[in-house]
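Numbering (this note's numbering), first residue to last: 291 to 501. Backbone N, C-alpha and C fix where the C-beta goes; we use that ideal spot for every residue, glycine too. In this text, all values refer to a predicted model and were calculated from it rather than measured experimentally.
See below:
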């Protein structure tokens with residue numbers, strides 16, 4: 291075989307190899323699963339830096355208790371309202387299950403808080419935050435026209451934000467609350483919602499949603 295023919299064969303072989311790698315890499319990329327949760331992925335939420343936390347940590351005694359009860363009712367009602375849209379918006383079993391839990395558990399907490407509010411002779415919550423906190427508005431309007439993956443993604447985004455705000459409100463209770471009932475409710479809320487928040491964050495990662 292002549293020298294120029296050898297070069298031609300080598301060149302063709304190189305081109306074929308490059309095309310194989312490019313095409314193969316494309317199909318691998320197309321069939322890749324969303325990034326999986328690993329032990330190195332940052333999961334969870336540590337309260338203490340947000341404006342909401344700073345607002346509540348500055349309150350003490352009856353002043354804290356009154357704001358906690360009223361605004362926690364608002365937070366929980368917002369979560370229940372969003373959860374109510376899941377049945378229509380998605381067929382994702384995990385979303386439907388957590389929505390069911392939210393409806394049951396947070397519905398009960400709303401009743402407990404309302405009873406405590408009455409017992410302590412605090413003003414009845416009208417449905418709006420007494421602290422003027424712009425982060426505590428009803429957000430179900432952003433969900434009601436979404437379905438499928440679009441619903442799931444927005445649901446997780448909004449519910450995680452709701453949970454972070456709730457944890458920020460509840461965290462100062464251990465030191466700042468006057469009544470033991472408030473401290474107990476806050477402790478339960480932090481425990482339950484921290485666990486569910488981490489679960490929802492893992493779903494965001496597993497399903498390829500932005501974290």
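For the ligand FAD, is there any heavy atom lying closer than 7 Å to the beta carbon of residue i?
{"i": "residue 357", "result": "The ligand FAD is absent from the structure shown, which contains no ligand whatsoever."}
Helix or strand or just coil, what does DSSP make of residue i?
{"i": "residue 467", "result": "strand"}
{"i": "residue 380", "result": "coil"}
{"i": "residue 496", "result": "helix"}
{"i": "residue 335", "result": "coil"}
{"i": "residue 319", "result": "For residue 319, the pLDDT reaches just 44, beneath the cut-off of 50, and the residue's location in the model is therefore unreliable, leaving the point undetermined."}
{"i": "residue 435", "result": "coil"}
{"i": "residue 414", "result": "coil"}
{"i": "residue 461", "result": "coil"}
{"i": "residue 375", "result": "coil"}
{"i": "residue 399", "result": "helix"}
From residue i to residue j, what does the alpha carbon distance come to, in whole angstroms?
{"i": "residue 431", "j": "residue 392", "result": "18 Å"}
{"i": "residue 336", "j": "residue 487", "result": "11 Å"}
{"i": "residue 351", "j": "residue 340", "result": "21 Å"}
{"i": "residue 367", "j": "residue 399", "result": "10 Å"}
{"i": "residue 490", "j": "residue 471", "result": "28 Å"}
{"i": "residue 420", "j": "residue 359", "result": "Model confidence at residue 420 stands at a pLDDT of 43, short of 50, so the residue's coordinates are unreliable and nothing is read from them."}
{"i": "residue 405", "j": "residue 450", "result": "27 Å"}
{"i": "residue 389", "j": "residue 342", "result": "25 Å"}
{"i": "residue 452", "j": "residue 468", "result": "25 Å"}
{"i": "residue 373", "j": "residue 345", "result": "27 Å"}
{"i": "residue 357", "j": "residue 437", "result": "35 Å"}
{"i": "residue 362", "j": "residue 456", "result": "7 Å"}
{"i": "residue 401", "j": "residue 394", "result": "11 Å"}
{"i": "residue 464", "j": "residue 416", "result": "26 Å"}
{"i": "residue 482", "j": "residue 473", "result": "14 Å"}
{"i": "residue 403", "j": "residue 369", "result": "15 Å"}
{"i": "residue 354", "j": "residue 408", "result": "16 Å"}
{"i": "residue 448", "j": "residue 349", "result": "26 Å"}
{"i": "residue 377", "j": "residue 338", "result": "34 Å"}
{"i": "residue 454", "j": "residue 371", "result": "17 Å"}
Between residue i and residue j, how many whole angstroms is the CB-CB distance? I'm expecting something under 8 Å.
{"i": "residue 558", "j": "residue 375", "result": "Shown here, the chain extends from 291 to 501; a query on residue 558 therefore has no answer."}
{"i": "residue 492", "j": "residue 333", "result": "6 Å"}
{"i": "residue 446", "j": "residue 494", "result": "5 Å"}
{"i": "residue 347", "j": "residue 466", "result": "7 Å"}
The segment 405-417 contacting the segment 487-499, beta-carbon criterion three pairs below 8 Å: no
At least 3 beta-carbon pairs within less than 8 Å: the segment 447-461 vs the segment 478-485: yes
At a cut of 8 Å, does the segment 437-453 reach the segment 371-386 through at least three beta carbon pairs? yes
Which residue spans inside the segment 341-367 form an unbroken alpha helix (DSSP H) run of at least 4? 341-347
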